[in-house]
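Undergrad:
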Amino acid sequence: MEWWQYALVGFAGLWAGVINSIAGSGTLVTFPVLLSVGFAPVSATMTNAVGLSVGGLSGVYGYRRELRGQGRRIATLLPLSLVGAVGGALLLLTLPADAFETIVPVLVVLSLVLVVLQPRLQRRLRARAAAREASGDGASPRTPVAAALAVLLVGVYGGYFTAAQGIMLVGALGLLLTESLQRLNALKNVLSTAVNLVAAVVYAVVGGDRVVWHVALIITLSSLVGGYVGSRYGRRLPAAPLRAIIVVVGLVAVALLVIP
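In the working numbering, each number is its position in the sequence shown, counted from 1, plus 11.
#1: Hey, is the stretch 16–33 in contact with the stretch 224–233, meaning 3+ C-beta pairs nearer than 8 Å?
#2: What is the DSSP secondary structure of Gly66, reduced to helix, strand or coil?
#3: Going by DSSP in three states, Arg79 sits in which element: helix, strand or coil?
#4: Could you tell me the alpha carbon to alpha carbon distance between Ala158 and Trp26, rounded to whole angstroms?
#5: Under the three-state reduction of DSSP, which class applies to Thr41: helix, strand or coil?
#6: Measuring alpha carbon to alpha carbon, tell me which residue in Val222, Phe172 and Val258 is nearest Val124.
#7: Would the stretch 209–226 count as touching the stretch 77–88 if we require 3 or more Cβ pairs under 8 Å?
#8: Could you tell me which whole alpha helix (DSSP H) segments of length 4 or greater appear in the stretch 95–121?
#9: Is Thr56 buried or exposed, if buried means 16 or more other CB atoms sit within 10 Å of its CB?
#10: Does the separation of the CB atoms of Asn200 and Ser64 fall below 7 Å?
#11: At the level of alpha carbons, what is the spacing between Gly49 and Ala108?
#12: Could you tell me if Val269 is buried or exposed, where buried requires 16 or more neighbouring beta carbons within 10 angstroms of its beta carbon?
#13: Are there three or more Cβ pairs, one per stretch, closer than 8 Å when the stretch 94–106 is compared with the stretch 168–177?
#14: Which first and last residues belong to the alpha helix (DSSP H) in which Ala9 is found?
#15: Give me the residue from Ile178, Leu187 and Ile114 with the minimum Cα distance to Asn31.
#16: Quick check on the burial criterion: 16 or more other C-beta atoms within 10 angstroms. Buried or exposed for Val216?
#17: What does the Cβ neighbour count give for Arg194, buried or exposed, with the cut at 16 atoms within 10 Å?
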């Protein structure tokens, strides 16, 4: 790699950290950049996952107040996320590379659809929360079986390809759990961060030869800086331009995967 390619990866990691702290889907920035500098798709996914895996910890810490009272729910759902993550990571390691190249464009497009629909999902969640508050109906401590199944399936998806799993979790859990959007977001941070960390460990242990470690380190350091910048200043930026950038970058990723 040339110096400018390292600089491009570092900037992508920085921007991914900003986006992850605001809306999620930072993978849709770093993944296509890795493809553009010559990474094979599987190596790009594994290197990217390892590089971005620790960034979610700051989000978990930042939402610690909203996690209060959710200990039992986390104890129920977290093991399912972990099992799903291991399963998804092993699928990535065992399926042929051409299968990955066939599946991932579909997953990227699905992720982009979820990014576009995120404002509508959030409006619906806020409306439901407001209606529950107006009716005096408090949050339910129960975790429906459907919610547990959704968390397991999103864990498999996240272990295989991490982009937009947080949006999937908020959308699914918002339909199935009686909680406010902020508390759902806090729960999402815990589950998605766990999936990312487990997937990164599996990649490192089982497929470490396909992780480009010095590039993963660049993504780690730059995304940590980006996460700090995003949490402090990024919320002042309009959401629409950020979402548009994610979509454009994601479409570039699809083009890089589909066009020979």
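For every residue, glycine included, the Cβ atom is placed at its ideal position computed from N, Cα and C. Only a predicted model underlies this, so the values are computations on that prediction, with no experimental measurement involved.
TA: Considering the structure as presented:
#1: Yes: the two stretches touch, three or more of their Cβ pairs being nearer than 8 Å.
#2: Along the sequence shown, one-based indexing puts residue 66 at 55. Here Gly66 sits in coil by DSSP.
#3: Translated into positions along the sequence shown, residue 79 becomes position 68. Arg79 falls in the coil class under three-state DSSP.
#4: Position 147 of the sequence shown, counted from the first residue, corresponds to residue 158. Position 15 of the sequence shown, counted from the first residue, corresponds to residue 26. Spanning the two alpha carbons is a distance of roughly 31 Å.
#5: As a working mapping, residue 41 is identified with position 30 in the sequence shown. In the structure shown, Thr41 sits in a helix (DSSP, three-state: H, G or I).
#6: Taking the first residue of the sequence shown as 1, we reach residue 124 at position 113. The option with the nearest alpha carbon to Val124 is Val258.
#7: No contact exists between the stretch 209–226 and the stretch 77–88.
#8: As for any alpha helix (DSSP H) of minimum length 4 sitting wholly inside the stretch 95–121, there is none.
#9: To locate residue 56, count along the sequence shown from 1; it is residue 45. Under this definition Thr56 is a buried residue.
#10: Along the sequence shown, one-based indexing puts residue 200 at 189. Along the sequence shown, one-based indexing puts residue 64 at 53. No. Outside cutoff.
#11: Along the sequence shown, read from residue 1 onward, the residue named residue 49 stands at position 38. Along the sequence shown, read from residue 1 onward, the residue named residue 108 stands at position 97. Approximately 15 Å between the Cα atoms of the pair.
#12: Reading the sequence shown from its first residue, position 258 is the one you call residue 269. In summary, Val269 is exposed, with fewer than 16 beta-carbon neighbours lying within 10 Å of its beta-carbon over all protein chains present.
#13: They touch, by the three-pair rule.
#14: Because the chain in this structure spans residues 12 to 271, residue 9 falls outside the shown range and cannot be described.
#15: Translated into positions along the sequence shown, residue 31 becomes position 20. Nearest option by C-alpha distance: Ile178.
#16: In the sequence shown, residue 216 corresponds to position 205, counting from 1. Per the 10 Å Cβ criterion, exposed.
#17: What you label residue 194 is simply residue 183 of the sequence shown in a count that begins at 1. Flag for Arg194 reads buried.
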